[in-house]
Amino acid sequence: MQRTLIAQALAGRGVNETITVGGWVRTVRVSKGGFAFVTISDGSAFDLLQIVAGGDLPNYDSEIAHLTAGCSLLATGTLVPSQGKGQSYELQAAEIRVLGRADAETYPIQQKRHSFEFLRAQAHLRPRTNTFGAVARVRNAMSMAIHEFFQERGFLYIHTPIITASDCEGAGQMFRVTTLDPAHPPTDGDGGVDFGEDFFGRRTNLTVSGQLEAETYACALGNVYTFGPTFRAENSNTARHLAEFWMVEPEMAFCDLQGNADVAESFVKHIFRAVLERCPADMAFFNERIDTTVRSTLEHIIDSPFERLTYSEAIDILTASGRQFEYPVRWGADLQSGHERYLTEEHVGRPVIVTDYPATIKPFYMRLSDDGRTVAAMDVLVPKIGEIIGGSQREERLDVLASRMAVQQLDEADYWWYADLRRYGTVPHAGFGLGLERTVQFVTGMANIRDVIPYPRTPRSADF
Ligand code: 4AD
Ligand code: MG
Numbered sequence: 056m057q058r059t060l061i062a063q064a065l066a067g068r069g070v071n072e073t074i075t076v077g078g079w080v081r082t083v084r085v086s087k088g089g090f091a092f093v094t095i096s097d098g099s100a101f102d103l104l105q106i107v108a109g110g111d112l113p114n115y116d117s118e119i120a121h122l123t124a125g126c127s128l129l130a131t132g133t134l135v136p137s138q139g140k141g142q143s144y145e146l147q148a149a150e151i152r153v154l155g156r157a158d159a160e161t162y163p164i165q166q167k168r169h170s171f172e173f174l175r176a177q178a179h180l181r182p183r184t185n186t187f188g189a190v191a192r193v194r195n196a197m198s199m200a201i202h203e204f205f206q207e208r209g210f211l212y213i214h215t216p217i218i219t220a221s222d223c224e225g226a227g228q229m230f231r232v233t234t235l236d237p238a239h240p241p242t243d244g245d246g247g248v249d250f251g252e253d254f255f256g257r258r259t260n261l262t263v264s265g266q267l268e269a270e271t272y273a274c275a276l277g278n279v280y281t282f283g284p285t286f287r288a289e290n291s292n293t294a295r296h297l298a299e300f301w302m303v304e305p306e307m308a309f310c311d312l313q314g315n316a317d318v319a320e321s322f323v324k325h326i327f328r329a330v331l332e333r334c335p336a337d338m339a340f341f342n343e344r345i346d347t348t349v350r351s352t353l354e355h356i357i358d359s360p361f362e363r364l365t366y367s368e369a370i371d372i373l374t375a376s377g378r379q380f381e382y383p384v385r386w387g388a389d390l391q392s393g394h395e396r397y398l399t400e401e402h403v404g405r406p407v408i409v410t411d412y413p414a415t416i417k418p419f420y421m422r423l424s425d426d427g428r429t430v431a432a433m434d435v436l437v438p439k440i441g442e443i444i445g446g447s448q449r450e451e452r453l454d455v456l457a458s459r460m461a462v463q464q465l466d467e468a469d470y471w472w473y474a475d476l477r478r479y480g481t482v483p484h485a486g487f488g489l490g491l492e493r494t495v496q497f498v499t500g501m502a503n504i505r506d507v508i509p510y511p512r513t514p515r516s517a518d519f
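Residues 56 to 519 in my numbering are what the sequence shown spells out, letter by letter.
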């Protein structure tokens with residue numbers, strides 16, 4: 056059996072020929088005239104395929120007339136132009152094999168609107184809904200576009216480790232990886248746990264970022280990127296934070312902050328353009344049902360330059376706004392999401408790249424500027440979401456790096472290999488990290504980050 060995808064059938068592939076499709080039933084309408092209209096989805100397209108089943112089919116009375124939402128089937132028949140409204144082609148069934156029934160009383164996904172909250176508890180079945188199917192297809196198209204952007208520009212895709220001994224962001228928000236028995240850990244004589252006895256013979260964690268390892272490859276191979284899951288044990292219960300999320304991190308040798316910002320801007324535009332081009336039906340759905348501004352927002356962004364501001368300019372703008380923000384505006388304090396949203400939504404009305412943050416609020420690896428108090432950092436902010444990209448030019452001077460590590464109380468010995476890049480053939484280099492889920496949120500208009508990853512991990516929740 057050669058299965059035709061519904062996306063292909065709806066595009067007319069195999070018209071007036073016999074084809075076989077498989078899928079899950081969405082709706083069933085049994086007509087008085089002794090035939091039934093069954094619509095099915097197979098995930099390949101947003102739209103459903105209508106199957107017309109005549110009463111003369113041998114299992115019409117026993118099975119077809121009793122189909123309900125969620126049943127699975129294989130249907131073979133002739134693909135014909137549809138007489139009815141709402142679809143281009145339909146299948147005149149010659150055979151319908153019902154593979155699995157779905158009890159109508161208990162099947163959780165009924166043909167009605169379910170709340171996203173309810174569907175989170177049914178995360179294993181929610182991809183069968185319009186919304187979650189569309190999110191999955193958009194996320195897929197974005198992942199493809201990410202690889203394409205870097206591959207077209209000669210970047211090497213590298214795989215950085217998930218288990219690591221270093222804390223890239225220095226924020227201590229790491230999940231420990233251990234095989235020690237928590238009830239009876241080996242002790243070190245001082246009442247502490249002896250991690251020397253642990254699986255790796257030392258303390259290890261799930262990575263918060265692949266950046267440090269990506270830097271080592273950039274400082275050998277030029278332009279590289281890593282794209283994988285990252286983990287943060289930050290107790291942030293917001294619609295924009297996950298404990299496990301996907302990040303794409305390019306790293307470029309012989310690149311400064313401006314070059315970094317230029318790549319980030321064309322990268323974001325490339326992703327948006329690709330989704331608009333390749334997922335028109337899914338985007339039409341998001342634009343109609345989730346957020347009526349998503350499509351025009353993306354189109355507008357593709358066509359206009361991002362605003363660029365220094366952190367100091369941003370502070371001046373926020374101060375001059377006369378707004379009462381939840382967190383006060385003060386040079387030296389990090390921008391909070393209220394500040395970010397004001398800048399991007401109200402002040403400029405499109406994405407903003409904020410650069411040159413105070414050194415005290417940024418990680419050790421960012422390049423110290425000549426003023427001695429800011430670093431060559433950049434954040435890309437977008438309306439509604441705030442930060443989708445964080446990046447910087449890296450500190451390539453060994454002595455400055457060492458003093459930054461000392462200030463942040465990091466043990467240089469732990470980062471000997473990182474320092475070696477500055478010891479042997481150091482070069483200016485820069486990179487950034489784009490949060491995949493926040494970008495999916497922005498593109499689709501989905502309000503909660505838990506609804507743009509198949510199985511969200513958040514504080515007190517790791518079901519499935
Ligand atoms: O700004 P962050 O922490 O930067 C880094 O990790 C750098 N090492 C990246 C680099 O320069 N190679 O994180 C980068 C992006 C953020 O802008 C945000 O989009 C996303 O990762 N992000 C999160 N997304 C979901 N949940 C969280 N808890 C996130 N933390 C960061
Ligand atoms: Mg950041």
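Backbone N, C-alpha and C fix where the C-beta goes; we use that ideal spot for every residue, glycine too. As the structure is a prediction and not an experimental result, all values here were calculated from the model.
Best match in the options for proximity to residue i [C-alpha to C-alpha]
| i | options | result |
| --- | --- | --- |
| leucine 364 | Leu112, Thr348, Glu395 and Ala298 | Glu395 |
| leucine 112 | Val232, Asn278 and Glu150 | Glu150 |
| aspartate 518 | Ser424, Glu145, Arg175 and Gly98 | Arg175 |
| alanine 367 | Thr410, Ser392, Asp346 and Ala273 | Rather than alanine, the amino acid found at residue 367 in this sequence is serine. For the residues Thr410, Ser392, Asp346 and Ala273, the minimum Cα distance to serine 367 belongs to Thr410. |
| phenylalanine 204 | Ser321, Arg333, Asp371 and Leu276 | Ser321 |
| threonine 161 | Met501, Ala220, Leu423 and Leu180 | Leu180 |
| histidine 214 | Pro163, Arg194, Lys324 and Thr271 | Thr271 |
| threonine 494 | Thr481, Ala200, Arg385 and Arg152 | Ala200 |
| aspartate 434 | Phe309, Gln166 and Gly445 | Gly445 |
| glutamine 142 | Leu104, Ile440, His169 and Asn185 | Leu104 |
| threonine 499 | Glu381, Pro438 and Phe309 | Pro438 |
| leucine 261 | Asp425, Leu65, Ala288 and Ser351 | Ala288 |
| serine 137 | Leu122, Gly67 and Leu60 | Gly67 |
| threonine 481 | Glu343, Ala329 and Trp472 | Trp472 |
| isoleucine 345 | Ser127, Gly490 and Phe171 | Phe171 |
| valine 85 | Phe101, Ile95, Gly109 and Ser96 | Gly109 |
| tryptophan 386 | Pro360, Gly393 and Thr429 | Thr429 |
| proline 163 | Ile95, Gly377 and Cys126 | Cys126 |
| threonine 94 | Ala100, Val83 and Phe101 | Val83 |
| glycine 393 | Thr352, Gly488 and Gly441 | Gly441 |
Simplified DSSP state of residue i, which is helix, strand or coil
| i | result |
| --- | --- |
| valine 80 | strand |
| valine 330 | helix |
| threonine 410 | strand |
| glutamate 299 | strand |
| asparagine 195 | helix |
| aspartate 425 | coil |
| phenylalanine 173 | helix |
| threonine 281 | strand |
| alanine 432 | strand |
| tyrosine 212 | strand |
| asparagine 315 | helix |
| valine 495 | helix |
| alanine 468 | helix |
Spatial distance of residue i from residue j (CA atoms)
| i | j | result |
| --- | --- | --- |
| aspartate 358 | arginine 515 | 42 angstroms |
| aspartate 249 | proline 413 | 38 angstroms |
| methionine 338 | glycine 98 | 15 angstroms |
| methionine 75 | glutamate 451 | The question names methionine, yet the displayed sequence has threonine at residue 75. Spanning the two alpha carbons is a distance of roughly 60 angstroms. |
| serine 458 | phenylalanine 419 | 9 angstroms |
| phenylalanine 586 | valine 462 | Residue 586 lies beyond the stretch modelled for the chain, which goes from 56 to 519, so this question has no answer here. |
| arginine 422 | cysteine 274 | 16 angstroms |
| arginine 208 | glutamate 492 | 24 angstroms |
| phenylalanine 520 | cysteine 223 | In the structure displayed, the chain extends from 56 to 519; residue 520 sits before or after that span and is not available. |
| proline 383 | aspartate 454 | 35 angstroms |
| valine 190 | glycine 427 | 45 angstroms |
| glycine 536 | isoleucine 119 | Residue 536 lies beyond the stretch modelled for the chain, which goes from 56 to 519, so this question has no answer here. |
Any non-hydrogen atom of ligand 2 within 6 angstroms of residue i CB
| i | result |
| --- | --- |
| glycine 480 | no |
Check: residue i C-beta below 6 angstroms from any heavy atom of ligand 1
| i | result |
| --- | --- |
| glycine 522 | The shown model of the chain, from 56 to 519, leaves out residue 522, and the question about it has no answer. |
| leucine 297 | yes |
| glutamate 320 | no |
| phenylalanine 92 | no |
| glycine 486 | yes |
| glutamine 266 | yes |
| arginine 396 | no |
| methionine 302 | yes |
| glutamate 270 | no |
| glycine 490 | yes |
| arginine 512 | no |
| arginine 493 | yes |
| cysteine 223 | yes |
| glutamate 450 | no |
| arginine 287 | yes |
| glutamate 442 | yes |
Ligand 4 heavy atom lying under 6 angstroms from the CB of residue i
| i | result |
| --- | --- |
| lysine 140 | Absent from the structure shown: ligand 4. Ligands present: ligand 1 and ligand 2. |
Check whether the stretch 66 to 82 touches the stretch 122 to 142, counting contact only when three or more Cβ pairs, one atom from each stretch, lie closer than 8 angstroms. yes
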